[in-house]
Amino acid sequence: MSRFHATSHGMLAVLLALLSMLGPFSIDTIFPGFPDIAREFGVGKVEMQQTLSVYLVAYALMGLFHGPLSDAYGRRPVIVVGLGVYALSAAAAALTTSMTALLVCRALQGMSAGAGQIVGRAIVRDRYHGAEAQRLMAQVTLIFGIAPAIAPVVGAALLGIAGWRGIFWAMAAFALALGAACALSLPETHAREARQPFAPAPLLATCRHILGDRQFWPLAISSTVNFSALFVYIVSAPAFVLDLLHLSRAGFPWLFVPAIGGMMAGAWLSGRLAGKVSVAATVGAGYAIMLAASAANVALHAWLPQPRLPWSVIPIGVHAIGITLSFPTLVLLLLDRFPAHRGAASSMQTFVALIFNAVLAGAISPLLSDSAPKLALGAALLTAVGFASWRWYRAMCRREAAQAAPAPAA
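Residues in the sequence shown are numbered consecutively from 621, following my numbering.
Structural data, given as C-alpha cells:
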C-alpha cells in the first residue's frame, strides 16, 4: 500500500485544512493582545499594525520559494521544515523584550507559515482532477474557514490565562503538533521523476513563464481581490469592533462568526456543485452573491447614522459566501495552466495576493477603518475589480476557443 493510500481522503482534507489555517490564525489570534503589547512596549496603533504588515510581506516574499522548493525536493519535507521554523519563531516571539525583536519574530513567522497553504494546494492538484479536486479544495476551505472565527476567541482566552506571550506559546505548540502529524501521515504526492531542479536559472525561467501567461493575471487578480474585500474587515477588526461598534474585546465574534460562517457555507456549496454545474456558472454565482452583498452593505451604511448590530455584519457574512463559492474554482483554473509547475504557480498566486494584502493592511486599512461607509465602499470597489478580472478571463477563453476552432469548409 502506498504512503498516499494509507492516508484517507478525509484525513488528507483535515491535514491540508489545518495547514491552511495556520496563516490566518497567526494574524487574528493576537488581535485581543494588541492593547497590552502596545502598552508594554510603549507603541501606538500604527506600530501595532506593522505586526501584520511585516508578517504578510515576509509571507509573500518567502512564498515565492515554497512552491519551487516543493517542486524540487518534495511536498512533505518543505511543509515539515516550515512548521519547525514557525514553532521556533513563535517561541522566540513569546520571549521578546522589545518591539523590534517582536517584528523580527513576526517576519520569521510569515516566512514559514505559508509553506503548508501553498504546498497544500499543489498536493490537491497532484492527486485529484476535475470535480474531485474542486470537492477536496472546497472541503479544505470549509475547515480552513474555522480559523479566523475561533482565532480571536482563542486569543482572548489565552490573554486572560497567560497574557499576550501565552498566545505565541500556543502558536508554537500548535505548529509542533501539526508538524509531527504531517511527518507521520501526510502523503508525498510529487514523484521523484517529476521534480524540477531548484536553481536560479530554472527558477527565473519558471517565474517568467508563469508571469508571462496572459490568463494568469485575471485569475490571480480575481482570487486576490475577492478575498481582500473580506480581508479589509479582518485587518480592520480592532477598529471596527472596538471603535465603530463600541464593543469590548469579547465582541470580536460579532464580526468573525458571520464572516467565517459565510465562508464555510460558500465552501460547502462549492463542493456540492462540483461536477454538477459548470465552472463558469459556479464562479458567476459567487460574483452575483458578492455584488449583491456589496451593494446592500454600501446602501445600509449610507442610511445608518452609525454601525449597528446585527445589520452591519450581515452583508459581510453574505459576501463571504460568494468568496468561497468561487475561490476553489479560480485557484484550480490557475493551477491547471501550469501542470509541470503547480508548486511554483501556487507560490506566484500567493505572492500576488499577499503583497496586495500587505499594502491593504499597512496603508489602505488605516485610511478606511475609521468609518463604516468607507469600509463598505472599499470592499465594494475590490469586488468590482474582481468581477471585471473574471470577465477579462472569460473573454480570453472565448478568443482562444474561436482561434482554435477549425475554419468552415469552403
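For each residue, glycine too, the CB sits at the ideal point set by N, CA and C.
{"query": "At least three beta-carbon pairs within less than 8 Å, the stretch 925-941 to the stretch 966-976", "result": "no"}
{"query": "8 Å CB neighbourhood of Pro-772 in its chain, flanking five on each side removed", "result": "Asp-648, Thr-649, Phe-651, Pro-652, Ala-857, Phe-872, Pro-873 and Phe-876"}
{"query": "Neighbour-count burial assignment, Gln-669, 16 or more Cβ in a 10 Å radius", "result": "buried"}
{"query": "Classification of Thr-720 by the beta-carbon crowding that lies within 10 angstroms, buried from 16 upward", "result": "exposed"}
{"query": "Range of the contiguous alpha helix (DSSP H) that encloses Gly-653", "result": "Counting along the chain, Gly-653 falls outside any alpha helix (DSSP H), and DSSP gives it neither H nor E."}
{"query": "Beta carbon proximity, Leu-798 to chain C, threshold 8 Å", "result": "The structure shown contains no chain C, having only a single protein chain."}
{"query": "Same chain, Cβ closer than 7 Å to Ala-692, neighbours up to 5 away in sequence not counted", "result": "Arg-815, Gln-816, Pro-817 and Phe-818"}
{"query": "Nonlocal neighbours in the same chain, by C-beta distance under 8 Å from Tyr-853, ignoring five residues either side", "result": "Phe-860, Leu-875, Ala-879, Ile-936, Leu-995 and Ala-999"}
{"query": "Proximity below 8 Å, CB of Ser-843 to CB of Phe-1007", "result": "no"}
{"query": "Ala-633 vs Val-700 beta-carbon contact at 8 Å", "result": "no"}
{"query": "CA nearest to the CA of Ala-973, picked from Leu-681, Ser-991, Arg-747 and Leu-987", "result": "Leu-681"}
{"query": "Given Asn-846 as reference, the closest of Leu-642, Arg-1011 and Thr-944 once Cα atoms are compared", "result": "Thr-944"}
{"query": "Environment of Gly-662 [buried if 16+ CB atoms lie within 10 Å]", "result": "exposed"}
{"query": "Complete runs of the alpha helix (DSSP H) confined to the stretch 656-702 [at least 4 residues]", "result": "665-693"}
{"query": "Rounded straight-line distance, which links the Cα of Asp-863 to that of Gly-780", "result": "21 Å"}
{"query": "Residue nearest to Ala-800 in terms of C-alpha spacing, selected from Leu-638, Pro-644, His-921 and Trp-931", "result": "Leu-638"}
{"query": "Spatially closest choice to Ala-992 from Phe-685, Gly-963, Leu-929 and Leu-950, by CA coordinates", "result": "Leu-929"}
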